[in-house]
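One structure below.
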Amino acid sequence: MRLDKFTAYTLNLTRSQAKDLIKKGEIEVNGEIVRKGDHQLDLENDRVTFRGEVLEYEEKVYLLLNKPAGYVSSHKDELCPSVFNLLPGFEKYNLFIAGRLDADSEGLLLATNDGDLAHRVTSPNHRLPKKYYVRVEGKFKDSDVFLFREGMNIKDGDGNVFKTLPADLEIISENEAFVTVFEGKFHQVKRMCRAAGKEVVRLIRTEIGPLKLDESLRPGAFRKLSHDEVEILKKECT
């Protein structure tokens with residue numbers, strides 16, 4: 050890869066801005082200043098630095114975001130800000146959300162540009178568990194556990210009736226519970242609770258497969274997944 054292309058990509062610059070930095074001697078390759086933008090890099094072995102900072106080329110990006118209420122999971126919306134506003138510096142990666150949350154919902158979001166993994170995370174064929182904390186108007190009953198476990202008939206986003214896969218309901222209090230589903234239909238958890246006679250007033254996604262929402266990750270904050278986390282997630286989606 051050309052040095053100017055690499056520099057533009059890793060520093061989120063235009064190609065001309067990257068060339069200017071290179072000409073000024075701001076970029077080093079393996080400890081040596083290189084002033085030619087067409088210098089060819091060996092991405093496996095060359096070490097590129099800018100003012101002492103190592104620049105890393107990442108083709109695939111995986112971010113764990115603690116979504117606050119009031120943000121949409123799409124790139125644009127007329128009424129609410131986008132969660133992508135919370136990911137500054139990652140515009141160049143063309144990220145999307147693997148498993149969206151409603152604007153009023155909170156919690157774990159996976160932002161990535163890995164289309165294959167995103168499909169596997171959201172596809173019901175892989176039955177990757179997603180866990181949610183819910184607080185409802187109404188009271189949970191022991192019989193609701195069996196209702197969720199048996200699956201129930203609800204409508205999808207197009208108004209078509211379908212039967213959900215068996216889901217787990219763990220009652221915490223009379224109006225709080227954890228719900229684990231193995232698919233990701235439109236408003237599924239809210240619709241399942243409604244079918245059981247409850248209205249969801251708060252919903253927080255806490256887990257996607259092996260990924261858990263970090264308690265130390267404040268609402269609106271994010272972090273990169275480690276290599277091991279990505280590999281474990283891929284393994285569970287096979």
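Position one of the sequence shown corresponds to residue 50 (this note's numbering), numbered consecutively onward.
C-beta atoms are modelled at their ideal positions from N, C-alpha and C, and glycine is treated no differently.
Take G269, set aside five residues on each side of it, and the residues of its chain with a beta-carbon closer than 6 Å to its own are P117 and L135, in chain order. For the pair D191 and L112, the Cα-to-Cα distance works out to about 37 Å. Ranked by Cα distance from K125, the options Y58, A245 and I146 are led by I146.
The Cβ-Cβ distance between G187 and G138 does not fall below 8 Å. Per DSSP, the continuous alpha helix (DSSP H) segment holding T171 begins and ends at G164 to T171. Per the C-alpha coordinates, the member of T56, L262, A167 and P173 positioned closest to K212 is P173. For L266, there is no enclosing beta strand (DSSP E), as DSSP gives it neither H nor E. In the three-state scheme derived from DSSP, where H, G and I count as helix and E and B as strand, D277 is classed as helix. Taking every protein chain shown into account, the CB of F189 has 16 or more other CB atoms within 10 angstroms, so this residue is buried. Between the region 251–261 and the region 169–184, the count of C-beta pairs closer than 8 Å reaches three or more; the two stretches touch. When Cβ pairs closer than 8 Å are counted between the two stretches, the region 93–109 is seen to touch the region 70–79, the count reaching three or more. Sequence-distant partners of H236 (beyond 5 residues in either direction) whose C-beta falls short of 8 Å from its own C-beta, in its chain, are D151 and G206. When DSSP states are grouped into helix, strand and coil, S65 belongs to the helix group. DSSP, read as helix, strand or coil, puts E223 in coil. K273 counts as exposed, since fewer than 16 other C-beta atoms from the protein chains shown sit within 10 angstroms of its C-beta.
Judged by beta-carbon spacing, L144 lies within the 8 Å limit of N162, meaning their Cβ atoms are closer than that value.
Note on N202: under 16 other CB atoms within 10 angstroms of its CB, so exposed under the neighbour-count rule.
Rounded to the nearest angstrom, the Cβ distance from E105 to T59 is 7 Å, consistent with a contact under 8 Å. Collapsing the DSSP output to three states places E127 in coil.
In the DSSP annotation of this structure, the continuous segment of the alpha helix (DSSP H) that includes T59 starts and ends at L52 to L60. In the DSSP assignment, K261 is bridged to E256. The Cβ-Cβ distance between N115 and L262 falls below 8 Å.
The continuous stretches of beta strand (DSSP E) do not include L150, and DSSP gives it neither H nor E.
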